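Everything below concerns the one structure shown next.
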Amino acid sequence: MEPSYEPSNNVPAPQKIAMTWWDDQAEEYLAEHPSLGEVKFQWGPEGWTEEDLHLLPHKPGRILEVGAGAAQCSRWLASKGHEVVATDISPGMLAVARALNAKHDLDFPLIAAGIEALPFNNDSFDTVFTSFGALSFLPTLTPAFDEVFRVLRPGGTWIYSVTHPFSWVFPDSPHQDDLTVIRPYGKREAYVETTGGTTEYAEFPHTFSDHVNGLVQSGFDVTDLFEPDWPAGKTETWGAWGPDRGAMLPGTLIVTAQKPARS
Ligand SMILES: C[S@@+](CC[C@H](N)C(=O)[O-])C[C@H]1O[C@@H](n2cnc3c(N)ncnc32)[C@H](O)[C@@H]1O
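Position one of the sequence shown corresponds to residue 1244 (my numbering), numbered consecutively onward.
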């Protein structure tokens, strides 16, 4: 049965939906998106890597990845000698991560945990990051931001990439003809895929103000908002990301925030 796509403001148990979906997708996800690589830190479908952008702190210290999926970003960091811990809500994704760690002879903790309940002490990491993990599967950002704030040491950095807030108003298509607003920006209706009455996938739009105000309310200082360009000459598409839309609008937002140092 083909799934139907519909907006919804009523999504029960979003974490369970995310975990089930990603467990089911675990084997296929990297195969479907080979550009992610196995030991590679890519910030989004534009293809910009940490090697290109240098967004992490120069000395990132002890690093936590949340929503790590198959942990290719953490593997890249581990390959450079950084101390890293990778977490994800999906045990299936972490099983793929474990197999790839063995394949590449890299070893770091892979821990099953949702971003909203991290099994770590207060102030235990210098840097927390995610590349497109966790946040868009949560109806509200505050529980995640509060939890990241708790596990970061004072002065630590939280950096994440997400689907650009503008993207949610357009159809899920990379083509120029589909650059027509079909959903109201401020309504925050979840993007839901349902098969036979069962919700199989749900992503939740967050506006710019949800990000910035949410971070500030959790205690962060927002230090950078970055909207990467579509790379010149890149023709490969990924969902709604592609050269047509990329020429007009950013598809990805990368946010950097600091937990204030104790005075
Ligand atoms: C688009 S994948 C990104 C994975 C990886 N960062 C990458 O770029 O391939 C999203 C990941 O977020 C994870 N996820 C979804 N909801 C989560 C939550 N509440 N807490 C932690 N991880 C979550 C999923 O299991 C999935 O592995």
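Cβ atoms here follow ideal geometry from the backbone N, Cα and C, with glycine treated the same way. All of these numbers come straight from a predicted model, not from anything done at the bench.
Check	Outcome
Give the secondary structure of residue 1264 by DSSP, where H, G and I count as helix, E and B as strand, and everything else as coil.	helix
Do residue 1394 and residue 1454 come within 8 Å of each other at the CB atom, strictly closer than that value?	no
Of the choices 1500, 1504, 1262, whose alpha-carbon is the least far from that of residue 1403?	1500
Among all the DSSP beta bridges, which residues are the ones paired with residue 1467?	1499
If you draw a straight line from the C-alpha of residue 1414 to the C-alpha of residue 1369, how long is it?	38 Å
Does the Cβ-Cβ distance between residue 1336 and residue 1269 come in under 8 Å?	yes
Go to residue 1447, then tell me how far its alpha helix (DSSP H) extends in each direction, as first and last residue.	From DSSP, residue 1447 is part of no alpha helix (DSSP H); its letter is neither H nor E.
Whose CA, out of 1351, 1435, 1471, lies closest to the CA of residue 1326?	1351
Does the pairing of the stretch 1378-1386 with the stretch 1337-1345 give three or more beta-carbon distances under 8 Å?	no
Can you find the residues in the same chain that come closer than 8 Å, C-beta to C-beta, to residue 1244, ignoring five residues on each side of it along the sequence?	Model confidence at residue 1244 stands at a pLDDT of 47, short of 50, so the residue's coordinates are unreliable; what they give is reported in the following sentence. Excluding residues within five positions, the ones whose Cβ falls inside 8 Å are 1438, 1439.
Need the endpoints of the alpha helix (DSSP H) that residue 1338 sits in, please.	1334-1346
Counting only the same chain and skipping the five closest in sequence on each side, list residues whose C-beta sits under 6 Å from that of residue 1305.	1326, 1368, 1369
Ignore the nearest five residues each way along the sequence and tell me which others in residue 1374's own chain have a CB closer than 6 Å to its CB.	1286, 1316, 1404
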